[in-house]
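Residue numbers (the working numbering): 1 to 163.
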């Protein structure tokens with residue numbers, strides 16, 4: 001099975017950071033694949049390891065935090081055409097153990113705005129009885145990363161994401 005991690009990096013440093021990430025993770029997964037996307041500053045890491053493990057390793061790596069802007073392990077993915085598709089992905093990945101969520105959406109080249117995505121997810125979570133916020137303290141996160149009509153999501157503990 002191939003797991004994915006979306007990483008955003010400092011603009012114009014994609015090539016060198018791609019190599020730094022590959023070098024750092026090579027001993028963990030010799031089949032790691034890191035590729036740029038059509039979106040500047042966005043790298044996609046494909047690995048045979050659990051995406052949360054790779055994200056945690058990168059968060060704690062010596063690569064500076066201002067170079068690796070965001071790190072998001074993808075736990076579910078699929079194509080989407082509207083907000084209901086994204087809400088359905090979030091819904092099927094809600095587990096126990098979380099009391100509050102911070103919500104982030106980054107839908108690149110999408111007719112759905114980041115703001116409307118975040119509002120819809122926050123309203124959904126609140127309707128389910130969770131505390132959900134745009135900014136502030138929380139024990140968990142919902143992060144949606146979109147690349148055109150593809151979306152990958154993370155729902156879970158904040159220790160595995162940098163947003």
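Even for Gly, the Cβ is constructed at its ideal location relative to N, Cα and C. Keep in mind that this is a model prediction, so the values were computed, not measured.
Is residue i helix, strand or coil when you go by DSSP?
i: residue 117; result: helix
i: residue 24; result: helix
i: residue 124; result: helix
i: residue 4; result: strand
Under 7 Å, do residue i and residue j count as touching if we go by C-beta distance?
i: residue 162; j: residue 45; result: no
i: residue 64; j: residue 160; result: no
i: residue 76; j: residue 153; result: yes
i: residue 107; j: residue 156; result: no
i: residue 3; j: residue 56; result: no
i: residue 34; j: residue 49; result: no
i: residue 66; j: residue 47; result: no
i: residue 79; j: residue 149; result: yes
For residue i, which option in the options has the closest C-alpha, if you only look at C-alpha atoms?
i: residue 96; options: 29, 66, 128, 111; result: 128
i: residue 69; options: 98, 124, 16, 8; result: 8
i: residue 158; options: 99, 84, 79, 36; result: 99
i: residue 94; options: 19, 16, 132, 25; result: 132
i: residue 1; options: 31, 25, 20; result: 31
Mind reading off the beta-carbon distance from residue i to residue j? Whole number of angstroms is fine, and I expect it under 8 Å.
i: residue 86; j: residue 151; result: 6 Å
Query raised in the report: Should the region 52 to 65 be regarded as contacting the region 120 to 133, the criterion being three or more beta carbon pairs within less than 8 Å?
Result: Three or more Cβ pairs closer than 8 Å define a contact, and the region 52 to 65 falls short of that threshold against the region 120 to 133.
Report task. Could you tell me whether the region 107 to 117 touches the region 88 to 96, where touching means 3 or more Cβ pairs closer than 8 Å? Result -> Counting C-beta pairs closer than 8 Å gives fewer than three between the region 107 to 117 and the region 88 to 96, which falls short of the contact rule.
Query raised in the report: Are the region 7 to 27 and the region 37 to 51 touching, with three or more C-beta to C-beta distances below 8 Å?
Result: Touching, per the Cβ criterion.
**Report entry** Sufficient close CB pairs (3 or more, under 8 Å) joining the region 134 to 146 to the region 98 to 106
**Finding:** yes
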